[in-house]
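What follows is a set of notes on a single structure, which appears directly below.
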Amino acid sequence: MKKTTLILIALVTVFSCADELRFNSPAIEANYNGSPWKAASYAADIDFGGFLVQGTNNIETIQLITQDDTAGIYNLGGDNPNVAIVKDASGIVYSTANEPDPSFSLYPVEGQIIVQSINDTNPKTMTGTFWFYAFSNDGLQTVNLNEGVFYKVPIVGGLVAIGNGSGCLQVTQQVNIALAAFNATDTTMPNYTDACNAYKTALVSKIDICGDPDGSQQLIVDGLGTCIP
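Heads up, the sequence shown is in the working numbering, so the first residue is 355 and it goes up one at a time.
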């Protein structure tokens, strides 16, 4: 009986230490296609006004890219500018910006990056969770990550998005800037045509880079017409 009690105490001690390590050390972890995955190295950056969080185990690399650099919920897939990217051991890149092939629609393109807190220490760190389905460029292969956690990941800079992952964020910001200028320009003003054309050009770039699954961006472009008041 005494021996059994000692074993139970030892087990409780081991699991308590594991929990303490998990929640008191920087980490990026997730279930990768149903198997546990943990980053061997990790870092975050602020690029184009949003976060870029990266973890790698020297075989696969995961990147989480958000539109803004504040705490909040960032939806993935569809027309959202936020992106999750995975590069696997074979060099195949999967992204929530890719659409599945029509013949391969078992999983939808969706997910979330939830930035829960930003700690203003030196270096600054960030904590949150994530889950997503991402597809290869041809839409015929997919990866799923769920129960993902990034904990106290240092924001140190110097990261580069895989492929054109940050491109959608950049052109979305350009659209927002052009839209603000367009809304501030009345049709009676001499610079109306220039402001309208700048807005149209930014929208077309966004369609080319981010896609336009529901056609809403193209409707705006068509509605602007020839930009002649």
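Backbone N, C-alpha and C define an ideal beta-carbon position, used for all residues, glycine too.
For clarity, every value in this text was computed on a predicted model and none was experimentally measured.
Could you check what DSSP says for residue i in three-state terms: helix, strand or coil?
| i | result |
| --- | --- |
| valine 463 | coil |
| leucine 513 | coil |
| phenylalanine 504 | strand |
| lysine 478 | coil |
| aspartate 568 | coil |
| leucine 430 | strand |
| glutamine 528 | helix |
| serine 656 | This structure gives no information on residue 656, because the portion of the chain shown stretches from 355 to 583. |
| alanine 534 | helix |
| serine 457 | coil |
| isoleucine 582 | coil |
| threonine 555 | helix |
| threonine 547 | helix |
My assumption, with CB atoms under 8 Å, is that residue i sits in contact with residue j. Please give the rounded CB distance.
| i | j | result |
| --- | --- | --- |
| glutamine 421 | tyrosine 428 | 6 Å |
| isoleucine 468 | threonine 483 | 5 Å |
| proline 583 | threonine 555 | About 18 Å; that fails the 8 Å criterion. |
| leucine 430 | threonine 450 | 4 Å |
| asparagine 452 | asparagine 491 | 6 Å |
| leucine 406 | leucine 533 | So it is not a contact: roughly 24 Å between Cβ atoms. |
Measure the C-alpha to C-alpha separation of residue i and residue j and round it to an integer number of angstroms.
| i | j | result |
| --- | --- | --- |
| alanine 438 | valine 558 | 23 Å |
| asparagine 473 | isoleucine 419 | 18 Å |
| asparagine 545 | aspartate 399 | 37 Å |
| glutamine 571 | serine 379 | 43 Å |
| tryptophan 485 | threonine 580 | 42 Å |
| threonine 481 | tyrosine 505 | 4 Å |
| glycine 569 | proline 456 | 17 Å |
| glycine 465 | asparagine 434 | 11 Å |
| alanine 538 | phenylalanine 489 | 39 Å |
| isoleucine 588 | alanine 425 | Because the chain spans 355 through 583 in this model, residue 588 falls outside it and cannot be assessed. |
Among the candidates the options, whose CA atom is the shortest distance from the CA of residue i?
| i | options | result |
| --- | --- | --- |
| glutamine 470 | Val503, Tyr448, Asn452 | Val503 |
| tryptophan 391 | Thr475, Val440, Gly465 | Val440 |
| glutamate 414 | Pro508, Val507, Ile516 | Ile516 |
| isoleucine 446 | Pro462, Asp401, Pro477, Gly493 | Gly493 |
What is the residue span of the beta strand (DSSP E) that residue i lies within?
| i | result |
| --- | --- |
| isoleucine 416 | 415-419 |
| phenylalanine 405 | 404-410 |
| isoleucine 400 | 395-401 |
| glutamate 383 | 381-386 |
| proline 390 | 389-392 |
| serine 444 | Counting along the chain, serine 444 falls outside any beta strand (DSSP E), and DSSP gives it neither H nor E. |
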